[in-house]
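Right, one structure below, let's go through it.
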Amino acid sequence: MATEPAPQPATPQTRASGYAWYVLAVLFVVYVLNFVDRQIISILAEDIKRDLHLKDEDLGFLYGTAFGVFYSLFGIPLGRLADNWNRVRLMTLGLVLWSSMTALSGFARSGGMLVGARIGVGIGEATASPSAYSLISDYFPKKLRATALAIYSSGLYVGGGVSLSIAGMIVHRWNQAYPQGGPLGLHGWQAAFIAVGLPGLLIAILVATLREPKRGAVEGLPEPERHPAPFQALLADLVTIVPPFTLIGAARGGAKALAVNLLALGIVSGVIAILLAYGEPWPQWTAVGLGAYAVFSWATALKRRDLPTYTLVIANPAFIAIVIAYGLNAFVAYGVSLWSAPFAMRNLGVTIQQAGGTIGGTLAFGGFVGVMVGGVIADRLRRWHPAGRIMVILFGAIVPVPFIILAFRATEVAVFVPCLLVAATCASTALGAAGATMQDLVLPRMRGTATGAFFIGTTLLGLAMGPYIAGRVSTLTGSLSTGVLSLLLTAPITIAAGIAAYRLVPKAEANREARARAAGEPI
Numbered sequence: 225m226a227t228e229p230a231p232q233p234a235t236p237q238t239r240a241s242g243y244a245w246y247v248l249a250v251l252f253v254v255y256v257l258n259f260v261d262r263q264i265i266s267i268l269a270e271d272i273k274r275d276l277h278l279k280d281e282d283l284g285f286l287y288g289t290a291f292g293v294f295y296s297l298f299g300i301p302l303g304r305l306a307d308n309w310n311r312v313r314l315m316t317l318g319l320v321l322w323s324s325m326t327a328l329s330g331f332a333r334s335g336g337m338l339v340g341a342r343i344g345v346g347i348g349e350a351t352a353s354p355s356a357y358s359l360i361s362d363y364f365p366k367k368l369r370a371t372a373l374a375i376y377s378s379g380l381y382v383g384g385g386v387s388l389s390i391a392g393m394i395v396h397r398w399n400q401a402y403p404q405g406g407p408l409g410l411h412g413w414q415a416a417f418i419a420v421g422l423p424g425l426l427i428a429i430l431v432a433t434l435r436e437p438k439r440g441a442v443e444g445l446p447e448p449e450r451h452p453a454p455f456q457a458l459l460a461d462l463v464t465i466v467p468p469f470t471l472i473g474a475a476r477g478g479a480k481a482l483a484v485n486l487l488a489l490g491i492v493s494g495v496i497a498i499l500l501a502y503g504e505p506w507p508q509w510t511a512v513g514l515g516a517y518a519v520f521s522w523a524t525a526l527k528r529r530d531l532p533t534y535t536l537v538i539a540n541p542a543f544i545a546i547v548i549a550y551g552l553n554a555f556v557a558y559g560v561s562l563w564s565a566p567f568a569m570r571n572l573g574v575t576i577q578q579a580g581g582t583i584g585g586t587l588a589f590g591g592f593v594g595v596m597v598g599g600v601i602a603d604r605l606r607r608w609h610p611a612g613r614i615m616v617i618l619f620g621a622i623v624p625v626p627f628i629i630l631a632f633r634a635t636e637v638a639v640f641v642p643c644l645l646v647a648a649t650c651a652s653t654a655l656g657a658a659g660a661t662m663q664d665l666v667l668p669r670m671r672g673t674a675t676g677a678f679f680i681g682t683t684l685l686g687l688a689m690g691p692y693i694a695g696r697v698s699t700l701t702g703s704l705s706t707g708v709l710s711l712l713l714t715a716p717i718t719i720a721a722g723i724a725a726y727r728l729v730p731k732a733e734a735n736r737e738a739r740a741r742a743a744g745e746p747i
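Residue numbers in the sequence shown follow my numbering, run continuously in steps of one, and reach 747 at the last position.
Next up, the structure:
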């Protein structure tokens, strides 16, 4: 692995180098693989449900919560590791882990085994975006940052779409060739997991050759001092966020910190107990509750250990508004993404191969176009107004709603697919704008941590909740359409958070250095 920093100028850049675009291309491929491995459950859902005797809410838990809670919990300490250590090495190791765990999913014989593999995928993928966002922000000047992040983020939609197409084809052909089960007794859905997981091990070799840029040089800022013990810092972060070790981390802050932590644990435990008393499944709400408690523990520990980062991330109303606005956008988007193929197969009579090609192609094309166009427009609006990018986030929250309603009330493929295309295109415009705005609110050394905190919104709010809620409502009502459409009830909150961000972001960005300096940052 290369460890020498790439040469960077001492003054702010206005253009990106050819090598920067090459790095972006490699990171794009990594993100495609990221979402191939993440999204594949959508097209395999019906077969997994049948063979492992699961319900819709179980599929939502597998796709969202089992992956998302651990993705978010480990995303925070791994985000700080990206701030303190070599980002290229971190991404390489993460890619090896999540690709291996995806392949191992193919050998699952029960829902519990598949949950374990999905947890491993979540931990591995938690290395990707903190490292990538930080690398991109150090390779591209501010005026190109939303465009670059949009290109990277488009891998989300390309990967999600490609996974449906490839997996649908693999399952169809495997089941035709081996109707009673193939070698090692594997069914088509298991073969698909193995087939999409193994290529990531080869791509990891390419990632390892990338150069590590100097932090902040693209903005003309002095390179921060390297952390003397990044892995000790990682262990310290894990103690603050992984229950029950969180109690040890809190105790280190004194009696008051421990009391506050125990109070938070008590409140979360009480809420979980109430939900269980009303008959809600324990795996979902225990996982989400522990995730929320762990994030609280980490945030309070961050305040004690790194007040400047805490000030610009956790104690920054503009940052929190962005997290809520985009997190609830993801709440709907992830639900639609998981359940589109099963809806088409159950309600519209399409086969798994047809669903993979049609739905996968629709989501990939719409998402790619939307995130690319959204990133370019967001950068232009940013030059017009400091909060211009927020307008794109609001657009992505409002415009898709009627098309999602039409799609999941459709009785014909000819209505469902065009409406899904428009919804996917419009919703995806928000991602580059949200990511770039979040990066601009913090200092270069904080970008990995900020990205980890940002993705709490898209995991605990979005991924860990949206797919499950839709599946749970589907189980209770017997209607997958009702389950998906119930997610739209959060739209007013999304819009309110977006409006708050529009008002708060300009001042927060303008005062970034001053607030960090006041909190003790040596700049």
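Even for Gly, the Cβ is constructed at its ideal location relative to N, Cα and C. As the structure is a computational prediction, the values presented were derived from the model and not from experiment.
Any idea if S389 is buried or exposed, counting beta-carbon neighbours within 10 angstroms, 16 or more meaning buried?
Locating residue 389 in the sequence shown gives position 165, where the first residue counts as 1. Flag for S389 reads buried.
Give me the residue from T682, R613, A306 and L655 with the minimum Cα distance to V595.
Start at 1 with the first residue of the sequence shown, and residue 595 comes out as number 371. Of T682, R613, A306 and L655, the residue nearest in Cα terms is L655.
Identify, in the order they occur along the chain, each residue of the same chain with its Cβ nearer than 7 Å to the Cβ of S561, setting aside the five sequence neighbours on each side.
As a first step, residue 561 must be located in the sequence shown, where it is residue number 337. Once the five neighbours on either side are set aside, the close Cβ partners of S561 are Q263, S266, G384 and L587.
Can you name the start and end residues of the alpha helix (DSSP H) that L302 belongs to?
Residue 302 sits at position 78 when you count from the first residue of the sequence shown. Start and end: A290 to N308.
Hey, how far is the Cα of L222 from the Cα of V466?
The question about residue 222 has no answer, for the chain in this structure spans 225 to 747.
Is G280 helix, strand or coil when you go by DSSP?
Locating residue 280 in the sequence shown gives position 56, counting from the first residue. Looking at the sequence shown, residue 280 is not Gly but Asp. Helix.
DSSP state of D530 mapped onto helix, strand, coil:
Here residue 530 is taken as the residue at index 306 of the sequence shown, counted from 1. Residue state, collapsed to three classes: coil.
Proximity winner among E449, F632 and A734, relative to R570 (alpha-carbon distances):
The sequence position of residue 570 within the sequence shown is 346, counting from 1. The option with the nearest alpha carbon to R570 is F632.
Report yes if the C-beta distance between Y376 and A356 is below 9 Å; otherwise report no.
Within the sequence shown, numbered from 1, the residue matching residue 376 stands at position 152. Within the sequence shown, numbered from 1, the residue matching residue 356 stands at position 132. Closer than 9 Å, so yes.
Can you have a look at I747 and say buried or exposed, based on whether 16 or more other CB atoms are within 10 angstroms of its CB?
Taking the sequence shown and counting its residues from 1, one reaches residue 747 at position 523. With fewer than 16 other Cβ atoms within 10 Å, it is exposed.
Rounded C-alpha distance that separates R333 from A724
Within the sequence shown, numbered from 1, the residue matching residue 333 stands at position 109. Within the sequence shown, numbered from 1, the residue matching residue 724 stands at position 500. Cα to Cα, the separation comes out at about 47 Å.
If I'm right that V666 touches V537 with Cβ under 8 Å, what's the distance once you round it to whole angstroms?
Taking the first residue of the sequence shown as 1, we reach residue 666 at position 442. Taking the first residue of the sequence shown as 1, we reach residue 537 at position 313. Indeed, because the Cβ distance is near 6 Å, the residues count as touching under 8 Å.
Please list, in chain order, all residues of the same chain as Q414 whose beta carbon is under 6 Å from its beta carbon, the five residues on each side excluded.
For this step, residue 414 is matched to residue 190 along the sequence shown. Same-chain partners within the cutoff: G330.
When you compare only the Cα positions, how much space is there between S703 and L687?
Walking along the sequence shown from the start, residue 703 turns up at place 479. Walking along the sequence shown from the start, residue 687 turns up at place 463. Taking the straight line from one Cα to the other gives about 21 Å.
Going by beta-carbon coordinates alone, are S378 and G348 separated by less than 9 Å?
Locating residue 378 in the sequence shown gives position 154, where the first residue counts as 1. Locating residue 348 in the sequence shown gives position 124, where the first residue counts as 1. For S378 and G348, no; Cβs fall outside 9 Å.
Provide the residue span of the alpha helix (DSSP H) that contains N553, from first to last.
Along the sequence shown, one-based indexing puts residue 553 at 329. Taken as a continuous stretch (DSSP letters only), the alpha helix (DSSP H) holding N553 covers P541 to N571.
Let's see if you can read the secondary structure: which residues bound the alpha helix (DSSP H) around M670?
Looking up residue 670 in the sequence shown gives position 446. Note, M670: premise wrong, no alpha helix (DSSP H); not H, not E.
Can you give me the Cβ contacts of L458 inside the same chain, cut-off strictly under 6 Å, excluding the 5 residues immediately before and after it?
Indexing the sequence shown from 1 puts residue 458 at position 234. For L458, where only same-chain residues beyond five positions count, the Cβ hits under 6 Å are P301 and L305.
Endpoints, alpha helix (DSSP H) assigned at T751:
No answer is possible for residue 751: the residues shown for the chain start at 225 and end at 747.
Roughly how many angstroms separate the alpha carbons of D307 and Y502, rounded to a whole number?
By 1-based counting over the sequence shown, the position of residue 307 is 83. By 1-based counting over the sequence shown, the position of residue 502 is 278. Near 43 Å, if we compare the C-alpha coordinates of Y502 and D307.
Just the Cα atoms here: how many angstroms apart are L487 and M615?
Counting from 1 along the sequence shown, the entry for residue 487 is found at position 263. Counting from 1 along the sequence shown, the entry for residue 615 is found at position 391. Cα to Cα, the separation comes out at about 39 Å.
Measuring only the C-alpha atoms, how far is R727 from A721?
Taking the sequence shown and counting its residues from 1, one reaches residue 727 at position 503. Taking the sequence shown and counting its residues from 1, one reaches residue 721 at position 497. Taking the straight line joining both Cα atoms gives about 10 Å.
Please state whether the Cβ-Cβ distance between R669 and G440 is less than 9 Å.
Residue numbering aside, residue 669 sits at position 445 when the sequence shown is read from its first letter. Residue numbering aside, residue 440 sits at position 216 when the sequence shown is read from its first letter. Yes, the pair counts as a contact, with Cβ atoms nearer than the cut-off.
Can you give the Cα-Cα distance for P354 and G744, rounded to whole angstroms?
What you label residue 354 is simply residue 130 of the sequence shown in a count that begins at 1. What you label residue 744 is simply residue 520 of the sequence shown in a count that begins at 1. Going from the Cα of P354 to the Cα of G744 covers about 24 Å.
Nearest-angstrom Cβ-Cβ length linking A658 and Y550, presumed shorter than 8 Å
By 1-based counting over the sequence shown, the position of residue 658 is 434. By 1-based counting over the sequence shown, the position of residue 550 is 326. Contact holds; Cβ gap of about 4 Å.
Which of the three DSSP states is assigned to Q400 in this structure?
Within the sequence shown, the letter at position 176 stands for residue 400. In this structure, Q400 counts as helix in the three-state DSSP scheme.
For the 8 Å Cβ check, are there 3 or more pairs between the segment 619-630 and the segment 541-556?
yes
Cutting at 6 Å between CB atoms, please list the residues of its own chain near S387, excluding the five before and the five after it.
Within the sequence shown, the letter at position 163 stands for residue 387. Answer for S387: V260, Q263 and I264, listed in chain order.
Specify the secondary structure class of A715 as computed by DSSP and reduced to three states.
Sequence index remark: in the sequence shown, residue 715 carries index 491 (1-based). Helix.
Within 10 angstroms of its Cβ, does Q404 collect 16 or more other Cβ (buried), or is it exposed?
Position 180 of the sequence shown, counted from the first residue, corresponds to residue 404. That one is exposed.
By the 10 Å Cβ neighbour count, where 16 or more other Cβ atoms means buried, how is W608 classified, buried or exposed?
The residue you call residue 608 lines up with position 384 of the sequence shown. Under this definition W608 is an exposed residue.
Nearest-angstrom Cα distance between V729 and T661?
Along the sequence shown, read from residue 1 onward, the residue named residue 729 stands at position 505. Along the sequence shown, read from residue 1 onward, the residue named residue 661 stands at position 437. About 8 Å.
So, using beta-carbon positions, are R529 and A460 closer together than 9 Å?
Locating residue 529 in the sequence shown gives position 305, counting from the first residue. Locating residue 460 in the sequence shown gives position 236, counting from the first residue. Cβ atoms of R529 and A460: closer than 9 Å.
CB S241 to CB Y363, shorter than 9 Å?
Indexing the sequence shown from 1 puts residue 241 at position 17. Indexing the sequence shown from 1 puts residue 363 at position 139. Yes, the Cβ-Cβ distance between S241 and Y363 is below 9 Å.
Out of M689, T635 and A416, state which residue places its alpha-carbon closest to the alpha-carbon of D271.
Position 47 of the sequence shown holds residue 271. Among M689, T635 and A416, the Cα nearest to that of D271 belongs to A416.
Where F285 falls, given that 16 or more other Cβ within 10 Å makes a residue buried
Position 61 of the sequence shown holds residue 285. Buried: at least 16 other Cβ atoms inside 10 Å.
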